[in-house]
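Residue numbers (the numbering used here): 4 to 170.
Structure below.
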C-alpha cells in the first residue's frame, strides 16, 4: 500500500503513545496494611502456641530423659522396676489431681494408666510385672531372663504412656 505525501506527513506528526508512570508500592493501600497485620498476628500466634506447647510438655521431655538414663544405670532389674513405676506415678501426679492419683495401686493404678492412654496397649501381665519388684530376686537364669524381658516391656509401655497420655 502506497501512502500519499500528505498521508506520510500526517503519520510523521504522530508521536508514540505516552505511558503513565508505573504505579509504585508506596504508599501501601489499607488492604495491604491489613494483610500485613493479619500475617503478623498469625505468626505471633503460631510462635506463642509453639512455646506454650513446649512449656506444657517440658515434664514429658524430662521424664523421658530420666527413663533413658535408667536404661544405662547399674541398678538391678527390681530396682529399675520400682524406678519406672515411680516415674509413671510422678508424671501422673504432674498432670492429674493428686487426690485422683496418689491413692492408686495395683489394678486400680493400671486401670488409671489405661484410661488416660486408651490407645496405648498395656503389657499383658502388667500387674505381675509391677508386683515382681516387691518379690525376692530370682535365682534361675530363665527367671532372670524373664524379669529382664518384663522390665523392657514396662519401660516401653512407660515411654509410650509418657509420650501419649492425655488429660
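Glycine residues also receive a C-beta, built at the ideal position from the N, C-alpha and C atoms.
Span of the alpha helix (DSSP H), counted from its first residue to its last, around residue i
i: residue 97; result: 80-98
i: residue 165; result: 144-167
i: residue 17; result: Residue 17 -> no alpha helix (DSSP H), and no H or E assigned at all.
i: residue 129; result: 129-135
i: residue 102; result: 101-104
Neighbourhood of residue i by C-beta distance below 7 angstroms, restricted to the same chain and skipping five residues each side
i: residue 177; result: Residue 177 is absent from the structure shown; the chain starts at 4 and stops at 170.
i: residue 11; result: none
Close beta carbons around residue i, own chain, < 8 angstroms, minus the five adjacent residues each side
i: residue 135; result: 81, 84, 150 and 153
Simplified DSSP assignment, three categories, for residue i
i: residue 7; result: coil
i: residue 118; result: helix
i: residue 107; result: coil
Residue i at chain D interface by Cβ criterion, 8 angstroms
i: residue 10; result: Given the protein chain composition of this structure (a single chain), no chain D is represented.
Beta-carbon contacts of residue i that lie in its chain and below 6 angstroms, excluding the five residues immediately before and after
i: residue 97; result: 62
### Query
What residue ranges within the segment 20-62 form continuous alpha helix (DSSP H) runs of no fewer than 4 residues, ordered along the chain?
33-59
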